[in-house]
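A short write-up of the structure that comes next.
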Amino acid sequence: MMFDSQTIVTGHGAVRYSDTGGSGFPLLLVHGSSLSRRVFARQFDSDLPRRWRLIAIDLPGHGESEDAHDPQTTYTPAGFAECLEEVAERLDLQRLAVFGWSLGGHVAIEWLSRSTRLRGLVLSGAPPMPRGFLGMFRAFQPSLDLLLVSKQQFSERDAARFVSLCFGSARPASFQDLVLRADGRVRSVFAHALSRGDGADQRRTIEASPVPVAFVNGSDDPFVRLGYFSNIGVPELFGHEPLVIEGAGHAPFWERADLFNPILDRFLGRVASESAPDWQAQARPATARGWR
Numbered sequence: 592m593m594f595d596s597q598t599i600v601t602g603h604g605a606v607r608y609s610d611t612g613g614s615g616f617p618l619l620l621v622h623g624s625s626l627s628r629r630v631f632a633r634q635f636d637s638d639l640p641r642r643w644r645l646i647a648i649d650l651p652g653h654g655e656s657e658d659a660h661d662p663q664t665t666y667t668p669a670g671f672a673e674c675l676e677e678v679a680e681r682l683d684l685q686r687l688a689v690f691g692w693s694l695g696g697h698v699a700i701e702w703l704s705r706s707t708r709l710r711g712l713v714l715s716g717a718p719p720m721p722r723g724f725l726g727m728f729r730a731f732q733p734s735l736d737l738l739l740v741s742k743q744q745f746s747e748r749d750a751a752r753f754v755s756l757c758f759g760s761a762r763p764a765s766f767q768d769l770v771l772r773a774d775g776r777v778r779s780v781f782a783h784a785l786s787r788g789d790g791a792d793q794r795r796t797i798e799a800s801p802v803p804v805a806f807v808n809g810s811d812d813p814f815v816r817l818g819y820f821s822n823i824g825v826p827e828l829f830g831h832e833p834l835v836i837e838g839a840g841h842a843p844f845w846e847r848a849d850l851f852n853p854i855l856d857r858f859l860g861r862v863a864s865e866s867a868p869d870w871q872a873q874a875r876p877a878t879a880r881g882w883r
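Residue 592 is where the sequence shown starts when you use the working numbering, and the numbers rise one by one after that.
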């Protein structure tokens, strides 16, 4: 596939991103731990960019972005959220929606707690949990595999297992290379930050959200307790209940893009219609739709 990327220098290092441009309402896609913006290929290579402006970023320590100069500060929910705020400022994104997957979802919730830019939030594999270790225990299924999320040094076998857990049988071999490239300090620092309760209380943030929120999870997610979502009160819950995509695991946007993309399209339609009309002033000329 073709892949077009650009660089923004932030206080947390230089980050690479891809942007379809165009006049559609903007959606920033934020990937999970140890991966990169390439996981969103099935959104970029779909009909979504015909209506919406898609922007995908490699967080610091991932993909083509730089590793953090100060990992203990950057590789936290607050540090990553600050990085996204800088990117949005540089791209003049006064209003946008965010799709956050796994780690990216937790970062998006933190960003929502400290920014007025967000007009809608889609979360997959990222249960908004109360602060601390007990909150994590309530939201995630306990298993030995979950320990990989916080393991700093990965062997090739660890990387293969991690990709398998995230993408199931639909995993491409190239994703293992992404995991091995990632700065392993992200896993240890971020997991410890969540267990300590650093940053915003994610459950309270979502339950007080002033913008629409959509939970879209896979029925076979190996990490997340799906039943946890039924007890979360969201003022504007898209679809009126947490959405579950059958036959998908931790990455429904990849495994069942045929079902996920229409949900994303409908969500963006709602957010765009509810947002002030002057968001169109943010539009920039369309660029190549594919990856380069």
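For every residue, glycine included, the Cβ atom is placed at its ideal position computed from N, Cα and C. Every value quoted in this text rests on a predicted model; they were computed, and no experiment measured them.
For residue i, the nearest candidate out of the options (CA to CA)
i, options, result
"L626", "P833, H653 and F635", "H653"
"L619", "A669, V754, G696 and G830", "G696"
"G809", "T664, E846 and F616", "E846"
"L675", "W643, P662 and L709", "L709"
"L785", "V630, Q663 and T667", "T667"
"G840", "A669, P733 and V807", "V807"
"L756", "P662, E701 and P813", "P813"
"H783", "R628, S866 and G723", "G723"
"D849", "S693, V825, R816 and D636", "D636"
"P719", "N852, R816 and R629", "R816"
"E827", "V802, Y819, D811 and P843", "V802"
"P721", "T664, T796 and P662", "T796"
"R762", "S656, A842, D658 and Q663", "A842"
"V754", "V825, Q767 and G818", "Q767"
"F745", "Q663, Y819, R776 and F844", "R776"
"F789", "A632, T664 and R629", "Reading off the sequence shown, one finds Asp at residue 789, where the question assumed Phe. The shortest C-alpha separation from D789 is found at T664."
"R629", "D658, F851 and F844", "F844"
Neighbour-count burial assignment, residue i, 16 or more Cβ in a 10 Å radius
i, result
"Q743", "exposed"
"R787", "exposed"
"V600", "exposed"
"H660", "exposed"
"M593", "Its pLDDT being 37, under 50, M593 is placed unreliably by the model, and the measurement read from it follows with that caveat. Exposed, because fewer than 16 other Cβ atoms sit within 10 Å of the Cβ of M593."
"D683", "exposed"
"S821", "exposed"
"Q597", "exposed"
"L738", "exposed"
"A647", "buried"
"Q634", "buried"
"G838", "exposed"
"F781", "buried"
"T707", "exposed"
"A764", "exposed"
"R794", "buried"
"S704", "buried"
"G726", "buried"
"S833", "According to the sequence provided, residue 833 is Pro. The question's Ser does not apply to it. With 16 or more other Cβ atoms within 10 Å, it is buried."
"G890", "Because the chain is modelled from 592 through 883, residue 890 falls outside the range shown and cannot be assessed."
"W692", "buried"
"L855", "buried"
"D610", "buried"
"L898", "Residue 898 falls outside the range modelled here, since the chain spans only 592 to 883, and no answer is possible."
"S656", "buried"
Expected contact under 8 Å - CB spacing of residue i and residue j to nearest Å
i, j, result
"A805", "F858", "5 Å"
"V621", "F731", "Going by Cβ atoms, the distance from V621 to F731 rounds to 19 Å, so no, they are not a contact pair."
"G711", "V835", "With 8 Å as the limit, G711 and V835 do not qualify as a contact, their Cβ atoms being about 20 Å apart."
"G604", "P651", "5 Å"
"V740", "R778", "6 Å"
"A713", "Y608", "It is Val, not Ala, that sits at residue 713 in the sequence shown. Contact flag wrong, Cβ pair sits at about 18 Å."
"E673", "A791", "Their Cβ separation, rounded to whole angstroms, is 13 Å, which puts E673 and A791 out of contact at 8 Å."
"G623", "G716", "7 Å"
"D649", "V698", "Their Cβ separation, rounded to whole angstroms, is 13 Å, which puts D649 and V698 out of contact at 8 Å."
Exercise for the section: Would you mind listing the beta strand (DSSP E) stretches within the region 685 to 716 that are 3+ residues and don't spill past its ends, in chain order? Expected result: For the region 685 to 716, whole beta strand (DSSP E) runs of length 3 or above, ordered along the chain, are 687 to 692 and 709 to 715.
Problem - Segment contact, 8 Å Cβ cut-off, at least three pairs: the region 760 to 774 with the region 732 to 750 - result: In short, these stretches touch, since the Cβ pair count reaches three.
Problem - Contact between the region 630 to 644 and the region 606 to 619 (3+ Cβ pairs under 8 Å) - result: The region 630 to 644 makes contact with the region 606 to 619, as at least three CB pairs between them are under 8 Å.
Handout entry: Contiguous beta strand (DSSP E) assignments of at least 3 residues, all confined to the region 774 to 862
Key = Those beta strand (DSSP E) runs which fall completely within the region 774 to 862 and span 3+ residues are 804 to 809 and 834 to 836.
Handout entry: Runs of alpha helix (DSSP H) lying entirely within the region 734 to 758, each at least 4 residues, in chain order
Key = Within the region 734 to 758, the complete alpha helix (DSSP H) segments at least 4 residues long are 747 to 758, listed from N- to C-terminus.
Problem - 3 or more residues per run - each beta strand (DSSP E) lying fully within the region 613 to 648 - result: Within the region 613 to 648, the complete beta strand (DSSP E) runs of at least 3 residues are 617 to 621 and 644 to 648.
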